[in-house]
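Here's the structure we're looking at; comments come further down.
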Amino acid sequence: TGPTADMWRYKYDIPAVNEAYYFWRKYGTIRTDTLPEDQFDAMWIHFFNNPLLDRFELRRGCNIIHDMDLIPEPTLVEEMFRACRRINDYPMTIRILEGIKDKLPNDPVVYKWMVQELTPIMNELGIKTPDELGLHIAPEGKGPLPY
């Protein structure tokens, strides 16, 4: 399901509706990064709290958030972790943390703050960071990782 057909009749008259239409066609959801921050977080928390969420929808939601020019709030990442746990998808939790870290290559302080904020939920769910798992350490004598 998507926005009503009545909304799309203004597609050519209102540029924001046209942009929302193409975003919906590409991602299957309406554009959310123009919402106020509290509404944005509430909408995505509601999305990840859905008990009918499956692996495909979980990955789609995480990819949409990752594609946006923002770092998600710790409360939103916490709900993403809980959704991963409900579905039993541990690798996705690691990908979420890697995505946050890769968005901030020149600012490790924000990543450390994010991990600090998420430490209680990570301990509760048994999630380790990519650094704790050794995923960003090159093998001995091999130089830096190629990726």
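The opening residue of the sequence shown carries number -11 in this note's numbering; numbering runs sequentially from there.
Each residue gets a CB set at the ideal place from its N, CA and C atoms; glycine is no exception.
No experiment lies behind these values; they were computed from the predicted model shown.
Taking only the alpha-carbon atoms, compute the straight-line gap between residue i and residue j and give it to the nearest angstrom.
| i | j | result |
| --- | --- | --- |
| E67 | L106 | 11 Å |
| I71 | E45 | In the sequence on display, residue 71 carries Ala and not Ile. Those two C-alpha atoms are separated by around 10 Å. |
| R73 | N37 | 11 Å |
Which one of the options has the shortest CA to CA distance from residue i?
| i | options | result |
| --- | --- | --- |
| T63 | I115, A30 and L123 | A30 |
| D42 | D77, H54, E25 and H34 | D77 |
For the alpha helix (DSSP H) that contains residue i, what are its first and last residues?
| i | result |
| --- | --- |
| M56 | No alpha helix (DSSP H) holds M56; DSSP gives it neither H nor E. |
| P39 | P39 -> no alpha helix (DSSP H), and no H or E assigned at all. |
| I115 | No alpha helix (DSSP H) holds I115; DSSP gives it neither H nor E. |
| P79 | Y78 to K91 |
For residue i, count neighbouring C-beta atoms within 10 Å of its own C-beta (all shown protein chains included) and say buried if the count is 16 or more, exposed if not.
| i | result |
| --- | --- |
| T(-11) | Residue confidence for T(-11) is low, a pLDDT of 45 falling below 50, so the modelled location carries little weight and cannot support an answer. |
| G49 | buried |
| I115 | buried |
| P60 | buried |
| V65 | buried |
| L85 | buried |
| M56 | exposed |
| W101 | exposed |
According to DSSP, is residue i part of a helix, a strand, or is it coil?
| i | result |
| --- | --- |
| P108 | helix |
| G(-10) | Note that G(-10) scores 49 on pLDDT, short of 50, meaning its location in the model is unreliable and no value can be drawn from it. |
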